[in-house]
Amino acid sequence: MPTAPAPASSPRPASLHFAAIAPEAAGMPLYRVVKRALLQAIEGGTWAPGSTLPSETELALAFGVSIGTLRKAVDELSTEHILVRRQGRGTFVATHSPDRFLFQFFHVERADGLREAPSVELLSFDRVKLDDAQAEMLNLRAGHAAFQFENRLALQGRAVMLDRLTLPAGLFKGLTEKRLRERPSTLYQLYQSEFGITVVHAHERARAAAADRHVSRLLGIAAGLPVMQVHRVALTFGDKPVEHRESIINTAQHDYVSLLSRKDAAR
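Residue numbering for the sequence shown is 2 to 268, as defined by our numbering.
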């Protein structure tokens, strides 16, 4: 009797490509080693934004660690908005959505606590060369090619903020004014979906300043009026800078509000 052909083997789940972790060789808590390996897989494109991770049991077996260790790594990545758990559906690689922008990266709200997404107006778009200060913030050399554009942000129908953004041209090849104007969602969603760049977190420095003539004209306030100046460096995986943003905020009726997580508060 002829031998029945062996069934075609199904594709091996991505988790099975991980090497088991030897506890004595880790040199750090096991969950941190697992977290680092998961981050590297996400950064490397093993799982695209919005895709589902293998089950926790499968991942734990692949790494050779306990479910508890695996869950601790996933918990940290969820707290950092890199992964998102959906009850009954699994764990997914986080995507940049309007809600995520509003609650993780947009910190301006009306003094009575009203928080809403701003309307954004693109005012200018240019190709420039980085000066010394910009180059230092983006960890590049002065003279490096960059895109620079300015947005005016309105809340409750009133202009409240000016943003001047600088992006390394090498990371955003093909960016045009048309693509900026016609993007369907937030800037960070554009970075992720069209350029493969995920903003993981950002470093900000804020100080008091006075409105100059440019700010006065565009925000409709008196020159010399106190404003808040915020410099943000947006970072992707490995703390690589991908964007510098200078924001000027009229705080006459709006506050800058930062929500600290337990992890932030412990630092």
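All C-beta atoms, glycine included, are put in the ideal place defined by N, C-alpha and C.
*Three-state secondary structure assigned by DSSP to A143*: coil
*For A233, count neighbouring Cβ atoms within 10 angstroms of its own Cβ and tell me buried if that reaches 16, exposed if not.*
Reading off the sequence shown, one finds Arg at residue 233, where the question assumed Ala. By the 10 Å Cβ count, R233 comes out buried.
_Checking 8 Å against the spacing of the C-beta atoms, do A143 and D133 come in under that value?_
yes
*For the beta strand (DSSP E) that R111 lies in, which residues bound it at each end?*
V109 to R111
*Return helix, strand or coil for P6, following the three-state DSSP convention.*
At P6, the pLDDT of 41 sits below 50, so the modelled position is not reliable and the matter cannot be decided from this model.
*Where are the alpha helix (DSSP H) runs, 4 residues long or more, that stay fully inside the segment 54 to 134, in chain order?*
57 to 64 and 68 to 80
_Let me check you understand the geometry: is the CB of E44 closer than 7 Å to at least one non-hydrogen atom of the ligand FAD?_
The ligand FAD is not part of the structure shown, which contains no ligands of any sort.
*For K241, the three-state DSSP class (helix, strand or coil)*: strand
_CB contact flag (L168, L176, <8 Å)_ = yes
*Determine the burial state of R268: buried for a count of at least 16 other Cβ atoms within 10 Å of its Cβ, exposed for fewer.*
The predicted model places R268 with a pLDDT of 46, which falls under 50 and marks its position as unreliable; any figure quoted below should be read in that light. Exposed: under 16 other Cβ atoms inside 10 Å.
*Please report the Cβ distance between V94 and W48, rounded to the nearest whole angstrom; I am assuming they are in contact, meaning their Cβ atoms lie under 8 Å.*
5 Å
*Residue ranges of each alpha helix (DSSP H) within the segment 167 to 230, 4 or longer*: 178 to 182, 188 to 196 and 214 to 220
*Return yes when the Cβ of E57 is within less than 8 Å of the Cβ of V75, no when it is not.*
yes
*Throw me the rounded Cβ distance for the Y32 and T80 pair, which I believe falls under 8 Å.*
Rounded, the Cβ-Cβ distance is 13 Å, inconsistent with contact.
_Applying the 10 Å Cβ sphere with the 16-neighbour rule, what's the burial state of S248?_
buried
*Can you tell me where the alpha helix (DSSP H) with Q41 in it begins and where it stops?*
L31 to E44
_By alpha-carbon positions, which one of P30, G221, G89 and D127 ends up nearest to G158?_
G221
*Per DSSP, which residues does S248 bridge with? Please list them.*
D164 and V231
_Distance between beta carbons of V121 and N152, contact taken as under 8 Å_ = 5 Å
*Helix, strand or coil: which one does DSSP assign to A136?*
helix
*Have a look at Q149 and N140 and give me their C-alpha separation to the nearest angstrom.*
16 Å
*When the Cα atoms are used, what is the spatial distance from R180 to A61?*
42 Å
*Cα-Cα, which of L54, S259, Q193 and R218 is closest to T237?*
Q193
*Of all the options F126, V258 and K174, which has the alpha carbon lying nearest to the alpha carbon of G197?*
K174
*Round the Cβ separation of V228 and H108 to the nearest angstrom and send it over; I've been treating them as touching at under 8 Å.*
Going by Cβ atoms, the distance from V228 to H108 rounds to 15 Å, so no, they are not a contact pair.
*Where G65 and R206 are concerned, what is the direct C-alpha to C-alpha distance, given to the nearest angstrom?*
42 Å
*Cutoff 7 Å; reference P14; Cβ partners in own chain excluding five residues on either side*: Note that P14 has pLDDT 44, beneath the 50 cutoff, so the model's placement of it is unreliable and the number below is only indicative. Excluding positions up to five away in sequence, the list reads P55 and E59.
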